[in-house]
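As structure tokens, the structure follows; a few thoughts come after it.
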Amino acid sequence: MPSSRLRRVAVLVLEGAKPLDVGIPAQVFTTRASMPYEVRVCGAAPGLVTGGDGLSYHVAHGLDALAWADLVFLPGYRSPDVEDPPRTVLDALTAAHDRGARLAAISTGAFALAATGLLDGRRATTHWHYTRALAAKHPGVRVDENVLFVDEGSVLTSAGAASGIDLCLHILRGDLGVAASNHAARRLVAAPYRSGGQAQYVPRSVPEPLGERFAATREWALRRLGEPLT
112 MPSSRLRRVA VLVLEGAKPL DVGIPAQVFT TRASMPYEVR VCGAAPGLVT GGDGLSYHVA
172 HGLDALAWAD LVFLPGYRSP DVEDPPRTVL DALTAAHDRG ARLAAISTGA FALAATGLLD
232 GRRATTHWHY TRALAAKHPG VRVDENVLFV DEGSVLTSAG AASGIDLCLH ILRGDLGVAA
292 SNHAARRLVA APYRSGGQAQ YVPRSVPEPL GERFAATREW ALRRLGEPLT
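Under the working numbering, think of the first position of the sequence shown as 112, with each following residue one higher.
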């Protein structure tokens with residue numbers, strides 16, 4: 112790709128798309144005007160796309176944006192284990208990959224990427240709530256349920272929600288270097304670096320609240336932490 116032109120980023124909004132997942136790449140790659148990216152939000156066709164969580168999206172571009180892009184994001188969407196995206200969408204994703212575009216899935220967007228067959232034999236992840244469903248629906252994918260994101264070169268996947276920021280910063284770091292990635296992280300008030308191998312979550316036992324019955328005793332003890340209380 113010639114360095115003189117902007118890097119082209121397409122964000123593919125599928126039916127039931129989750130607003131946070133859509134917004135992450137659209138914002139990370141435009142955190143300042145001087146960043147060498149052009150971002151287009153697209154759908155299976157231009158027009159209104161019904162999203163998840165009560166939101167809908169009016170997209171200006173259709174699948175032609177995938178033929179234009181150097182990097183395609185697939186945000187997560189609702190009920191990914193029920194139905195695959197339309198064949199026209201999957202074919203457009205495959206064609207984009209075949210001509211050299213990178214495909215990056217956030218959260219349950221991994222299901223759409225897996226439906227193309229491009230994840231077969233590769234490591235991938237998704238939101239921890241859906242890792243078993245992804246493995247069951249696409250047994251050819253080597254699902255890693257305990258990482259934030261996986262970079263397999265031309266295809267990348269991330270866990271749910273905020274890990275999409277980690278994936279985008281990882282891509283930005285590879286494209287433009289650490290300084291640009293750190294600057295974007297500061298603008299987003301996000302951690303500058305979380306490695307992809309970090310666990311999605313660590314279950315911890317949370318103590319039960321003591322309740323009002325013990326509130327006064329607890330406050331009394333907290334005011335006397337430097338004193339022997341026995």
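A virtual CB, placed ideally from N, CA and C, is assigned to each residue, including glycine.
Since we're looking at a predicted model, the values are computed, not measured.
- In the three-state DSSP reduction, D262 falls in the strand class (E or B).
- In this structure the segment 189–205 does not touch the segment 251–266; the number of beta carbon pairs closer than 8 angstroms is below three.
- Boundaries of the alpha helix (DSSP H) around L299: 289–299.
- Membership of G220 in the alpha helix (DSSP H) is indicated by the continuous run 220–226.
- Counting C-beta atoms within 10 angstroms of its own C-beta, T236 has 16 or more neighbours from the protein chains shown and is therefore classed as buried.
- In this structure, DSSP gives Y168 an extended state, which the three-state scheme calls strand.
- A residue is called buried once 16 or more other Cβ atoms fall within 10 Å of its Cβ, and P339, having fewer, is exposed.
- Partner residues in the beta bridge of C153, as assigned by DSSP, are L123, H172.
- Within 10 angstroms of the beta-carbon of T199 lie fewer than 16 other beta-carbons, which makes it exposed.
- In the three-state reduction of the DSSP assignment, S274 falls in the helix class, which pools H, G and I.
- Using a Cβ distance threshold of 7 angstroms, H294 and G271 do not count as a contacting pair.
- At the C-beta level, V193 and G154 stay beyond 7 angstroms of one another.
- The shortest C-alpha to C-alpha distance from A225 to any of D195, G162, R243, I282 is the one to D195.
- Per DSSP, the beta-bridge partners of Y188 are A128.
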